[in-house]
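In the numbering used here, the protein residues as written are 7 to 112. All C-beta atoms, glycine included, are put in the ideal place defined by N, C-alpha and C. Input: a single structure, listed below in C-alpha cells.
Printed below as a string of C-alpha cells:
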C-alpha cells in the first residue's frame, strides 16, 4: 500500500528521464515488476529459512543483505539523467531523447 505508492512517482520520473517515448510502457512495466517478483522469491525462501536451523531471524538478515546490495548497485549506477551517465553512448542518448520536447529534457 503505502510503500508501493511511494515508488510510483519515482518510477514515473525514472521512465521520463531514461526511456524513449516508444518504450515508456515496457520501461514502466519492467520497473514495477518488483512487487510480483519479490513475492515469488521471498515466500518460499522465507518458509525454508524459518523451518531450517537458521530460524526466522535469518529471513530478516537475508532480505537486509539483498536490499543493501540493490542499494549499493543503484547508488553507483544511477544518475538523474542519461546525459550525465558515463556508460550511455551518444547513439543511445539520441534514441532516448528522440521525439521528446526540449522542456522535458531539462
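Sequence-distant partners of residue 64 (beyond 5 residues in either direction) whose C-beta falls short of 6 Å from its own C-beta, in its chain, are 55.
The stretch 73-91 makes contact with the stretch 22-31, as at least three CB pairs between them are under 8 Å. For residue 11, the enclosing alpha helix (DSSP H) has its first and last residue at 8-24. Residue 102 is classed as buried because its beta carbon has at least 16 other beta carbons within 10 Å across all chains shown. With contacts defined by Cβ atoms closer than 8 Å, residue 38 and residue 8 do not form a contacting pair.
Looking at 33, 40, 34, 30, the one whose alpha-carbon comes closest to that of residue 76 is 40. Between the alpha carbons of residue 51 and residue 100 lies a gap of roughly 42 Å. In this chain, the alpha helix (DSSP H) harbouring residue 69 covers 63-83. In this structure, the beta-carbon distance from residue 106 to residue 27 falls below 8 Å.
Collapsing the DSSP output to three states places residue 105 in coil.
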